[in-house]
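Asks: The numbering used here puts the sequence shown at residues 354 to 913.
Cβ atoms here follow ideal geometry from the backbone N, Cα and C, with glycine treated the same way.
I have a structure I would like to understand better, so I am pasting it below and will then ask my questions one at a time.
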Amino acid sequence: MAKLFIYPKKGDSYAFALNKERVTIGRAADNDLPLQDQFSSSRHAVVCASEKGFVVQDQGSKNGTFLNGKRIPFESPLKKGDEILVGSTRIIFDQELSTNVEIVEGAPLEENLNTIINVKDILKKRSIETTIRVPGAPLDLAKIEQEQKVLAVMNEVSQALIYHMPLEKLLDHIMDLILKNVPMDRGVLMLKEGSPEQLVPKVVRVVNMSLANQNIQVSQTILLTALEKNSAILVSDIQSDTQFRSQASVIQLNIHSAMCVPLWNNQEIIGLIYLDRIQLLEQFTEGDLKLLTLLANLAAVKIENAKLFEQALEKCRMEREMALASQIQKNFLPRCNPDFAGYDICGSNRSCHEIGGDYYDFIPIEKSRLGIAVADVSGCGVSASLLMASLRASLHAEINPRYSLAHMASKLNDFVHQSSELNSFITFFFGDLEREAGLMRYVNAGHNSPIILRKDGSVDRLESTGFCLGMFQDVTYEVKAMTLHPGDTACFFTDGISECRNTAKQEFGEENLIDAMKRHSGLSSSEIIKKIFEEIHAFSISAELDDDMTVVVVKRSAQA
């Protein structure tokens, strides 16, 4: 049975068995996996079983759900060892961390017992100082030899980091290079992740295997000093430092020397590298500190480049997928307007994103009957479009010449209620139009009341006959009827039309929509829709659309 291994920022780690197909994670106490984490949402994420394994889904959380350092848009598959970040809580999928990194509180450092050098001061100095020496002055051969070693190491590391590699592999490679050039017992590479940002260990190296099962405890004081001062820190002979002798954990681990340097990419600090020596009796030197700082700076730039490269690849992949999804969704909408003798019918949809949650359809029921559907899924984007596609499939499965309109609406309601989250619902209108009499039997599940513009200029509305789909289970819907007389025009629309705002935050409103219908009532249905969108564009010019918009116009011929 797969497990989740939870590592909270405070408190002990623990395991959670995935013995359900759907495990909810969040701050609320009724979650399957409740977290004492102020940065997690009440309903933050879900881990679900799928045909190919487990997946993690974000539930619209405020701070987002991160998988291996990347924020997931909605759903991502899980593989063994993957790290999920929920708020400030680390969750490892089906693999326990062999060496955990703990950040422990520590007293302030004493400047005279430790070396603290600003990173910029190290980077601005040349690796080898070329100075004019006074004739006869002795050469500092040891210093020149050390500087030549630094140059050789930096050249080797630069060559090793030329080619692009995936971020996870790059981080491992960086730690291998550091281990090769700076002998240590243990080391940790940490990156800033999450919202709010926190240091997350990405690579842990334990050279001496006798230390493999011991936690690596890092002083919070050292980390904060490195971050806040952008400084490289060397703590030598910790046993003699009175400020650290009070930390029992440090004494028990017998740490003789430690270094901590920021991963500074010349603009910001993106993480830290921490090394210590326990059984290696030789302490780190200031030369080691400067070398590690130079390596960390080079690594930080490479890490940032790798992140940008992967982000660019991910953006291209997402754009391709979104374009494909957009095309698939367009295929769900009618490809042409229906040929329904005696009526001029047209529909149009415009999404505020690549894909949206609005839906309209024309469904032939019999030769003399046409179903007209308009719906709006709460929210927008991928999740709304998936729910819309499911609604469309269920609706088409229910329609036949002998179907019951009320029963169909109730079944759709129960389907949406069972298939979506608690905060998801669909406003839905469906009308069954009979050609000869112009009689339309309809249900309106919380949708915007369609407008019926009569030939004499009066206006009727088709009001709601029940709750929005998915709000409650076992809901019944009243079926009402209206007659579309010769010369009448019906307009079905979603709230993206009426609630469209201009730069002054004023809504277009249904009255403006009715006025537009009256002004252009003599035009064809497609021309009326065109004029409606033109007026909306003129109204909201320079204001970004924040909702999908759909309009369907049905005109009955005056000669019918």
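Among the residues of its own chain, which have a CB less than 7 Å from the CB of Y713, if the five just before and after it don't count?
Replies: Start at 1 with the first residue of the sequence shown, and residue 713 comes out as number 360. Only L686, G700, N702, A726, V727, T903 and V905 meet the Cβ criterion.
Asks: My understanding is that D767 touches D827, with C-beta atoms under 8 Å, so please give their C-beta distance in whole angstroms.
Replies: Looking up residue 767 in the sequence shown gives position 414. Looking up residue 827 in the sequence shown gives position 474. Indeed they touch by this definition, with Cβ atoms about 7 Å apart.
Asks: Just to confirm my understanding: we take D729, look at its own chain, exclude 5 residues before and 5 after, and list those with CB closer than 6 Å. What are they?
Replies: Sequence index remark: in the sequence shown, residue 729 carries index 376 (1-based). D711, T780 and T847.
Asks: Beta carbon of T418, beta carbon of I437: below 8 Å?
Replies: Residue 418 sits at position 65 when you count from the first residue of the sequence shown. Residue 437 sits at position 84 when you count from the first residue of the sequence shown. Cβ distance < 8 Å, so T418 and I437 count as in contact.
Asks: In the DSSP output, which residue or residues are listed as bridge partners for V556?
Replies: In the sequence shown, the residue the question calls residue 556 occupies position 203. Beta-bridge pairing links V556 to L542.
Asks: Rounded C-beta distance between S851 and L837? I'm assuming under 8 Å.
Replies: Here residue 851 refers to the residue found at position 498 when the sequence shown is read from its first residue. Here residue 837 refers to the residue found at position 484 when the sequence shown is read from its first residue. The pair is not a contact, with the Cβ atoms about 21 Å apart (cut-off 8 Å).
Asks: Provide the residue span of the alpha helix (DSSP H) that contains Q573, from first to last.
Replies: Working through the sequence shown from its first residue, we reach residue 573 at position 220. That run of the alpha helix (DSSP H) goes Q573 to K582.
Asks: Considering only their Cβ atoms, is the gap separating I456 from P542 smaller than 8 Å?
Replies: Here residue 542 refers to the residue found at position 189 when the sequence shown is read from its first residue. Here residue 456 refers to the residue found at position 103 when the sequence shown is read from its first residue. Reading off the sequence, residue 542 comes out as Leu, not Pro. Their beta carbons are not under 8 Å apart, which means L542 does not touch I456 by this criterion.
Asks: Starting from S701, follow the beta strand (DSSP E) in both directions and report where the run begins and ends.
Replies: Here residue 701 corresponds to residue number 348 of the sequence shown, with the count starting at 1. Where S701 is concerned, the enclosing beta strand (DSSP E) stretches over Y696 to R703.
Asks: Could you say if the segment 804 to 819 and the segment 740 to 750 meet the contact criterion of at least three C-beta pairs nearer than 8 Å?
Replies: With the rule of 3 Cβ pairs closer than 8 Å, the segment 804 to 819 does not count as touching the segment 740 to 750.
Asks: Can you confirm whether the segment 395 to 408 touches the segment 375 to 385 when touching is taken to mean that 3 or more C-beta pairs between the two stretches lie within less than 8 Å?
Replies: yes
Asks: Let me make sure I understand the geometry here. Which of L580, V439, E751 and L822 has the alpha-carbon closest to that of S773?
Replies: Within the sequence shown, numbered from 1, the residue matching residue 773 stands at position 420. Nearest option by C-alpha distance: L822.
Asks: Whether or not the segment 652 to 669 and the segment 859 to 878 are in contact is what I'm after, with contact meaning three or more pairs of Cβ atoms, one per stretch, closer than 8 Å; do they touch?
Replies: no
Asks: Specify, as a first and last residue, the run of the alpha helix (DSSP H) that G849 falls within.
Replies: Counting from 1 along the sequence shown, the entry for residue 849 is found at position 496. Element bounds for G849: D848 to S851.
Asks: In this structure, how does DSSP classify T468 when only helix, strand and coil are distinguished?
Replies: Stepping through the sequence shown from its first residue, residue 468 is reached at position 115. Reduced to three states, the DSSP call for T468 is strand.
Asks: Where does C689 land, buried or exposed, given buried means 16+ other C-beta within 10 angstroms?
Replies: In the sequence shown, counting from the first residue as 1, residue 689 sits at position 336. Classification for C689: exposed.
Asks: Going by other Cβ atoms of all chains shown within 10 Å of its Cβ, with 16 needed for buried, is V603 buried or exposed?
Replies: The residue given as residue 603 occupies position 250 in the sequence shown. Below a pLDDT of 50, predicted positions are generally treated as unreliable, and V603, at 42, falls in that range; the measurement from the model is reported next regardless. With 16 or more other Cβ atoms within 10 Å, it is buried.
Asks: List the residues that DSSP assigns as beta-bridge partners of T836.
Replies: The count along the sequence shown starts at 1 and reaches residue 836 at position 483. L792, per the DSSP bridge assignment.
Asks: Nearest by alpha-carbon distance to I718: which of S817, F637, R443 and I752 is it?
Replies: As a first step, residue 718 must be located in the sequence shown, where it is residue number 365. Ranking the options by Cα distance to I718, first place goes to I752.
Asks: What do you get for M612, buried or exposed, if any count of 16 or more other CB atoms within 10 angstroms of its CB means buried?
Replies: Position 259 of the sequence shown holds residue 612. Flag for M612 reads buried.
Asks: Take N583 and list the residues in its own chain whose beta-carbon comes closer than 8 Å to its own, dropping the five residues that flank it on each side.
Replies: Residue 583 sits at position 230 when you count from the first residue of the sequence shown. Within the same chain, N583 has close Cβ partners N471, V472, K473, P615, W617 and I622.
Asks: Can you tell me which of the three DSSP states I894 falls into?
Replies: Here residue 894 refers to the residue found at position 541 of the sequence shown. Reduced to three states, the DSSP call for I894 is coil.
Asks: Report the residue from L520, H609, E789 and A505 whose alpha carbon sits nearest the alpha carbon of F637.
Replies: For the purposes of this step, residue 637 is taken as the residue at position 284 of the sequence shown. Nearest of L520, H609, E789 and A505 to F637, Cα basis: H609.
Asks: Assuming contact is defined by CB atoms lying nearer than 8 Å, are A759 and T842 in contact in what I supplied?
Replies: Position 406 of the sequence shown, counted from the first residue, corresponds to residue 759. Position 489 of the sequence shown, counted from the first residue, corresponds to residue 842. Not a contact, by the Cβ cut-off of 8 Å.
Asks: Do you know how far the Cα of D813 is from the Cα of D697?
Replies: Mapped onto the sequence shown, residue 697 falls at position 344. Mapped onto the sequence shown, residue 813 falls at position 460. Their Cα atoms are separated by approximately 19 Å.
Asks: One question on the structure: do N416 and F392 come within less than 8 Å of each other, judged by their Cβ atoms?
Replies: As a working mapping, residue 416 is identified with position 63 in the sequence shown. As a working mapping, residue 392 is identified with position 39 in the sequence shown. Taking 8 Å as the Cβ cut-off, N416 and F392 qualify as a contacting pair.
Asks: In whole angstroms, what is the alpha-carbon distance linking R854 and E860?
Replies: In the sequence shown, counting from the first residue as 1, residue 854 sits at position 501. In the sequence shown, counting from the first residue as 1, residue 860 sits at position 507. Rounded to whole angstroms, the separation of the alpha carbons of E860 and R854 is 4 Å.
Asks: With DSSP collapsed to three states, give me the class of D868.
Replies: Residue 868 sits at position 515 when you count from the first residue of the sequence shown. Three-state DSSP puts D868 in a helix.
Asks: Determine which residues share a DSSP beta bridge with E787 and list them.
Replies: Translated into the one-based positions of the sequence shown, residue 787 becomes position 434. Beta-bridge partners of E787 (DSSP): R722.
Asks: Please report how far the alpha carbon of S878 lies from the alpha carbon of R722, in whole angstroms.
Replies: For the purposes of this step, residue 878 is identified with residue 525 of the sequence shown, where counting begins at 1. For the purposes of this step, residue 722 is identified with residue 369 of the sequence shown, where counting begins at 1. The straight-line gap from Cα to Cα measures roughly 19 Å.
Asks: Report the rounded CA-to-CA distance for R630 versus P554, giving the unit in angstroms.
Replies: Working through the sequence shown from its first residue, we reach residue 630 at position 277. Working through the sequence shown from its first residue, we reach residue 554 at position 201. Approximately 18 Å between the Cα atoms of the pair.
Asks: Note down the Cα distance separating I882 from S743, rounded to an integer number of angstroms.
Replies: Translated into the one-based positions of the sequence shown, residue 882 becomes position 529. Translated into the one-based positions of the sequence shown, residue 743 becomes position 390. Answer to the nearest angstrom: the Cα atoms are 27 Å apart.
Asks: L644 and V506: beta carbons closer than 8 Å?
Replies: Taking the sequence shown and counting its residues from 1, the one referred to as residue 644 is at position 291. Taking the sequence shown and counting its residues from 1, the one referred to as residue 506 is at position 153. Against a cut-off of 8 Å, the Cβ pair of V506 and L644 comes out as a contact.
Asks: Output the boundary residues of the beta strand (DSSP E) element that contains L321.
Replies: Nothing about residue 321 can be read from this structure; the chain reaches only from 354 to 913.
Asks: With respect to the beta strand (DSSP E) encompassing D809, which residues constitute its N-terminal and C-terminal limits?
Replies: Start at 1 with the first residue of the sequence shown, and residue 809 comes out as number 456. Run containing D809: none; DSSP gives neither H nor E here.
Asks: Does DSSP classify V506 as helix, strand or coil?
Replies: By one-based count along the sequence shown, residue 506 stands at place 153. In this structure, V506 counts as helix in the three-state DSSP scheme.
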